[in-house]
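Numbering (our numbering), first residue to last: 627 to 898.
Shown next as structure tokens:
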């Protein structure tokens, strides 16, 4: 005698549904919970206002600073500083990476100096840069440029030296000259590594900007933070830190867009 049974259990969610729930629900759960605990702690008095302003107060201060134009004006000053420093640093990193990566003589001349530079803490150079360049804009831009050189250099150098030799042999068999091999084979192969270095350089530049703007700044996000510290305005400090974070995320997002378009030929092992 055969007994038939019905399985009344609900069907399990598909793999795509599970990943969607994890992406849109799980990633935001802990940040939202942290904000709620922060707000409750501030309203109950566990977190004094002079120690850390409540999220609601921070949002109100952000709206006021945007409406008055104070935040946009100082943000433009900070953006100009980091853009100038990055332009110099990335340009030097590209030039040095190409020299060291494409030439054995260039490697012997450049790489030891870059390794020495790597071991020197950037922030430790602040007093020396003030002695050399004064307390104006130059030391701020110089610190950002100095910090952003090495990530670009190292990743470009590594990308060039990691080119598949079989591709170079194929290029030679087609009769390509040395510079044609560099342009059509070496540089495209090194591009993924270069973009990784660029992302790292952008994040380092934002971190150094925070410190650089503490050097006798009369405008910029660091200037706002210094004034807020003197008057115990933790809400303004948190607003400026949020803007620093948004700058870093925005810069990384831009590089990701470039990466997606420039490396469309590269296969991906990650499912969409």
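Where a beta carbon is used, it is the ideal one built from N, C-alpha and C, also for glycine.
Residue i: buried (16+ other C-beta within 10 angstroms of its C-beta) or exposed?
i	result
residue 868	exposed
residue 823	buried
residue 857	exposed
residue 843	buried
residue 853	exposed
residue 825	buried
residue 629	In this prediction, residue 629 has a pLDDT of 48, which is less than 50 and means its spatial position is unreliable; what the coordinates show is noted afterwards. It counts as exposed.
residue 861	buried
residue 660	exposed
residue 708	buried
residue 647	Per-residue confidence for residue 647 stands at a pLDDT of 45, beneath the threshold of 50, marking its modelled position as unreliable; the derived number appears in the next sentence. That one is exposed.
residue 724	buried
residue 754	exposed
residue 765	buried
residue 785	buried
residue 880	exposed
residue 591	No answer is possible for residue 591: the residues shown for the chain start at 627 and end at 898.
residue 883	exposed
What number of angstroms, rounded off, separates the C-alpha of residue i from the C-alpha of residue j?
i	j	result
residue 781	residue 678	40 angstroms
residue 667	residue 681	10 angstroms
residue 804	residue 793	13 angstroms
residue 715	residue 686	37 angstroms
residue 719	residue 779	4 angstroms
residue 738	residue 889	31 angstroms
residue 896	residue 885	Low per-residue confidence applies at residue 896: pLDDT is 47, beneath 50, and the placement is therefore not dependable enough to give any value.
residue 624	residue 887	In the structure as shown, the chain begins at 627 and stops at 898. Residue 624 is therefore absent and cannot be evaluated.
residue 757	residue 665	45 angstroms
residue 698	residue 865	12 angstroms
residue 616	residue 855	Residue numbering for the chain in the displayed model covers 627 to 898; residue 616 lies beyond these limits and cannot be assessed.
residue 696	residue 850	9 angstroms
residue 770	residue 669	39 angstroms
residue 701	residue 846	6 angstroms
residue 749	residue 704	18 angstroms
residue 632	residue 877	Bear in mind that a pLDDT of 47 at residue 632, under 50, signals an unreliable position, so the number given afterwards is only what the model happens to contain. Roughly 56 angstroms between the two C-alpha positions.
Span of the alpha helix (DSSP H) holding residue i?
i	result
residue 744	730-745
residue 675	That residue, residue 675, is in no alpha helix (DSSP H); it is neither H nor E in DSSP.
residue 692	681-694
residue 756	752-759
Checklist entry - Taking three-plus beta-carbon pairs below 8 angstroms as touching, is the stretch 737-746 in contact with the stretch 770-790? => result Three or more pairs of CB atoms, one per stretch, sit closer than 8 angstroms, so the stretch 737-746 contacts the stretch 770-790.
Item to check | the stretch 722-734 / the stretch 669-676 touching (three or more Cβ pairs under 8 angstroms) | outcome: With contact defined as three or more Cβ pairs closer than 8 angstroms, the stretch 722-734 and the stretch 669-676 are not in contact.
Next on the checklist: Would the stretch 797-814 count as touching the stretch 833-844 if we require 3 or more Cβ pairs under 8 angstroms?
Outcome noted: The stretch 797-814 and the stretch 833-844 do not touch, with fewer than 3 CB-CB distances between them shorter than 8 angstroms.
Item to check | Cβ pair count under 8 angstroms reaching 3, the stretch 870-877 against the stretch 811-820 | outcome: Short answer: they don't touch.
Checklist entry - In chain order, which continuous runs of the alpha helix (DSSP H) of length 4 or greater are located wholly inside the stretch 780-866? => result Correct list: 791-799, 804-807, 813-838 and 847-856.
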